[in-house]
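For reference, the structure discussed in these notes is given below.
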Amino acid sequence: MAVVNMYPTRLLLAERLTLAVLLSGVASLALSDFVSPLYWVMVVLMAVVRLWRGPLFSLTEMQTSMIGWAGFVWVGLELLLGRALVVAFTDFLLILSLAIVIEEAVPRNQLHRMLVGFFLILGAAVLTDSVLYIIPLASFVWFVWRASQCLYGMQLPGGDLPLTAWRSDVRILFGMFAMAGLLFVLLPRFDFQSYLKPVQPRMQTSGFSSQVQLGDFARTLDATVVLRVEPVGDDHKNFRNRMMGRYWRGISLSTYIGNGWKEVPERRVSHWQKGSEVKLTDEAPDLKFAVYREASDHPYVFVPDGLGKITQIPAAMRIGDQGSIRFTSPPSRRLRMVMQSTGRGAGLKHLRAPVAQEKEDGPVPKEVAVWAEKIAGDEVSSEARLGRLMAELKGWEYDLNASFDHETPIVSFLRQKRGHCEFYASTLVLAARSLGVPARVVNGYYGGEWNETGGFYLVRQQHAHSWVEVWIDGQWQRFDPTPASRWQLSGVRFPALDEVWETVKLSWYRYVLEFQDSDRNQAFQSFISLLKTYMVWIVLIISGVVLGLFLKRSRFRFPRFFSGDLYAMLDGWLIKRGVNRRCHQPLRHVSLPKGIEKKQWQMFVQSWEHQAYGEHEKWSRWDLKRHLRALS
Amino acid sequence: MTLAYDPADLRLPSGLLRLLDVLVRLRISVSPAWQLGMTRPGVMLLAVLVGVWLAAFYSGNNLLYLCGAMLMSLAIASVWQAVRLLKSIPFLAVNFPEYTQAEEAFVLRKMLPVASLSIGLVDVIWHADAVDVQLQLRLDKSALLTGRVLAGQRGVFKLRKQTLATSAPLGLWQLSYTRDEALDWVVLPRPVLWQASMSGNVAERQVFEGDELRDLRGYMPGDPISRIHWRKAASDSARWSVKRFEAHENEIETMKLRIDLRVPGMTGETAGAKSFEYLLSQAWYWVEGHLKKDKSAVEVVLGHQQFELSQPEQKQACIKALAMAMPQQTAPVGQGGILLSLVND
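Residue numbers (the numbering used here), protein chains in the order written: chain A, 1 to 632; chain L, 633 to 977.
Structural data, given as structure tokens:
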């Protein structure tokens, strides 16, 4: 009660609404992985206490400005310690939010909350690309609408204007969102500078660097999505069949260092600028698809078998002669690449011949060489010998958690005959080299899962894989010795739910984050073709609506064939029989029509009055006609 | 405690506030009927929108595009809501008083049968040649029309254009809509209590010397003190009322007032004009006293015009003629009744 006495009820209402505006901004920023939860949790806690205690729980303006200044100094320190400017700025805004949540309930406080809430929303637009961002954004707009209504009422003499019911906002909100969607689509896109593009935390990976320790790579069933691949065009069925079970090549590792692998320095490197087209083969590609690559801590681009070209690359790239494609630096955000591929396997033809490191059998452990010789047996051709080795390896047990000796991992793998793909690939490479066949390990991804709801492929971290490339008959050929049981493992907990959620996310990336002028043009063309297809129906519907509106406006009434003004019909019949009924003259007062018996006429009048004024069912024109025929 | 959210609360530099005021005064003619301006918060929102769009165009960040589109749609929706709000206001002529009296404020307070689209205040300005009428419409669950209607002089003012202005619903834009709504605003002279000789003041005798209380009217200098409604005056000392009584049926006779519109010697000069106005004030005092009488046949002769007050059309015409009366050269038509004249024949 003390609160109500101290503060007008209107202020309490505005107080909650502006708090909601601010919290919408805080929620949007809470979606960002760059923002420390400590900042926004503090704001939310203070907001809860403020809602509970009301404006009595407050600090003076001076005290809150002191908190603001302290936040400023703190953020300055953060910058000195190397925190990114945008992140430091949002930290400052969150500290400021903490202050103004508990600031004294003065008019300025309302304005502070709305402005800071707005800047938080803008900050989140740079620091997150989550699909959930749409929720705080929509709630922000709605609460700004209501809070402004409330504050507007207070600003002018009509200070006691009540707020309209929230249901009345539904229509206007729907209109606003539709209009926002239209503006979003119609406005032109420019791309002068990518500094303010949404960023995402780089995914931590292992196995995609110039030097890899054996045993670190691809050991967990991490369901985090790495790539999303959707068809460009309408041929979904063909796309699914052709993309199924593809290898996504990342980095090739050639130098064995005893407990791991090392990349060989590239001899010939070609550089490609942003927006250019990278062409890898002369064959005409026949499958077009878009790949969404999540931000990760390495610069490698994963390309599927038979990659023909990448059109309009989103960032500068370089391609080495060993087949690794990488960005000049690891991108800080998700990138969309449109690729075209030819038949499976065609993409390996352009790779250079083996270098010395891929041939040398010096570092091959003795146990591996002995094992290889034993398994290969008396086969003559390299391909057949490697085939036997691979068949042997495929019969072993796949185990993600197998323990191994860190000094001699391959030897311990040979003893245990269990391990994960990295051991299988490494063993085969070393065995091949011991048999005199150049070989190397390739790290990348294999397969993926088809999302039926959205019609696209997902490649997750759990699909990370090592395989082998062997130089046979003048070209690199792929060998994969990993047992097939590997691909029955999955870390996805709720597959059905996950499928829908991933579809929503890809739609968000595709139609919001990656929306471009070309998409608008495409949408426009689709709209035109739709118009052409259904032109007749559209014209008919529009004509019908226009005619309906015209008739409604002109108060046109359709002729009443079955009911309605029966007097006109009756009067016409009476006139033919020499009776001219005056307007509003009851039927019982008109004279007897010619040729009609009096008794019959009286019965007719009685029936007429029963239906007209009594409880009998109303006559239709057909009923009247029937009665009149009976009279005649 | 004011609960405004004016940017001035942010303690902006005075130069910036002056710039805001300049922008707030700007009005953009969208069409001949519609004008759009901004409030201070509206200017701020516009500045913010420009900033967001520049950032969006510069970076190509589609989330900034989305933010900009959302805010822009909020601004457009508020304009659209204001347009609908103004268009939904019915014609107000029917709520305007039948007549007012010069130098006397008429306080208008009327509920309108409008289904309000939004909360808000609408300023209604009705333009006439000489004077504007300013009203206010308060819209929430119902619509309340309030205002103070005051004219300095008698006459019939042609109200033609009506401007409706509002900053509802968000207080961002000042939208005004000018529409045609014609109305004759009849302003009558302030009534003057007159002491007629002859049979005394017949009208006054009727209303003050009857048996039954008829109604109350505002006190005017010269009213008998015994007729002041003291109990009412105790509750509202600012407005004294005077009791008026109904005369006996048999005392009611055909009443006739003849007003001679001739002004001796000159027409239109100051002294003559004052006398003429005084004459009309007396005439209006008499007519007003009889307006609510349905039983008696009251006849008013105004120069060469004759009116029967029991007839509604003639009553209207009489009121209008009184408001518009100009000096004439000829004597009033007819004979008998009470004659009000400045001319000694």
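C-beta atoms are modelled at their ideal positions from N, C-alpha and C, and glycine is treated no differently. The model shown is predicted, which means the values in this text are computed figures rather than measured ones.
- DSSP places Ile313/A in no beta strand (DSSP E); its state is neither H nor E.
- Assigned with DSSP and collapsed to three states, Met852/L falls in coil, not helix or strand.
- In the three-state reduction of the DSSP assignment, Thr795/L falls in the strand class, which pools E and B.
- Counting along the chain, Val933/L sits inside no alpha helix (DSSP H); it lies in the beta strand (DSSP E) bounded by residues Val930 to Leu934.
- Val781/L and Thr732/L do touch by the CB rule: their CB atoms are close to 5 Å apart, below 8 Å.
- By the Cβ criterion, the segment 163–174 of chain A is not in contact with the segment 657–664 of chain L, since fewer than three pairs of Cβ atoms, one from each stretch, lie closer than 8 Å.
- Judged by beta-carbon spacing, Ala124/A lies beyond the 8 Å limit of Leu19/A, meaning their Cβ atoms are not closer than that value.
- Going by C-alpha positions, Leu912/L is about 15 Å away from Phe939/L.
- Out of Leu435/A, Phe57/A and Val232/A, the CA that lies nearest to the CA of Ala105/A is found in Phe57/A.
- Close to chain L, meaning a Cβ-Cβ distance shorter than 8 Å, are the following residues of the segment 196–228 of chain A: Leu196, Lys197 and Pro198.
- Minimum Cα-Cα distance from Lys599/A among the listed residues Gln585/A, Glu615/A, Val579/A and Leu631/A corresponds to Leu631/A.
- Distance from the CA of Leu549/A to the CA of Val539/A, rounded to the nearest whole angstrom, comes to 15 Å.
- Under the DSSP assignment, Ser341/A falls in the beta strand (DSSP E) whose first and last residues are Leu335 to Ser341.
- Closest in C-alpha terms to Ser24/A, from the list Val144/A, Lys197/A, Met66/A and Tyr39/A, comes Val144/A.
- Taking 8 Å as the CB threshold, Pro645/L stays off the interface with chain A.
- Under the Cβ distance rule, Gly803/L counts among the residues neighbouring chain A, one pair being separated by less than 8 Å.
- For Ile891/L, the enclosing beta strand (DSSP E) has its first and last residue at Met887 to Ile891.
- Judged by DSSP secondary structure, Trp272/A falls within the beta strand (DSSP E) whose first and last residues are Val269 to Trp272.
- For Gly854/L and Val874/L, the gap between their C-alpha atoms comes out near 11 Å.
- Under the three-state reduction of DSSP, Met203/A is assigned to strand.
- Of all residues in the segment 498–518 of chain A, the ones placed with a Cβ closer than 8 Å to any Cβ belonging to chain L are Val512, Leu513, Glu514 and Phe515, in chain order.
- If you look at Lys262/A, you'll find it in the beta strand (DSSP E) that goes Gly260 to Lys262.
- In the three-state reduction of the DSSP assignment, Thr255/A falls in the strand class.
- Asp816/L is bridged by DSSP to Lys790/L.
- With 16 or more other CB atoms across the displayed protein chains lying within 10 angstroms of its CB, Val75/A is buried.
- Per the coordinates, the alpha-carbon of Pro201/A lies some 57 Å from the alpha-carbon of Leu776/L.
- In the three-state DSSP reduction, Asn451/A falls in the strand class (E or B).
- Restricting attention to beta strand (DSSP E) runs no shorter than 3 residues, the segment 636–692 of chain L encloses them at 659–661 and 666–670, ordered along the chain.
- Contacts with chain L at 8 Å (Cβ-Cβ) do not include Arg240/A.
- Taking all protein chains shown into account, Trp52/A has fewer than 16 neighbouring C-beta atoms within 10 Å of its C-beta and is therefore exposed.
- In the three-state reduction of the DSSP assignment, Asn109/A falls in the helix class.
- By the neighbour-count definition (other C-beta atoms within 10 Å, threshold 16), Trp501/A is an exposed residue.
- Residues of chain L whose Cβ lies closer than 7 Å to the Cβ of Ile172/A are, in chain order, Ala709 and Gln713.
- DSSP, reduced to helix, strand and coil, places Met958/L outside both helices and strands of the structure shown, so it counts as coil.
- Residue contact with chain L for Met42/A: absent (no Cβ-Cβ distance below 8 Å to any residue of chain L).
- Interface criterion met: the Cβ of Leu698/L is under 8 Å from a Cβ in chain A.
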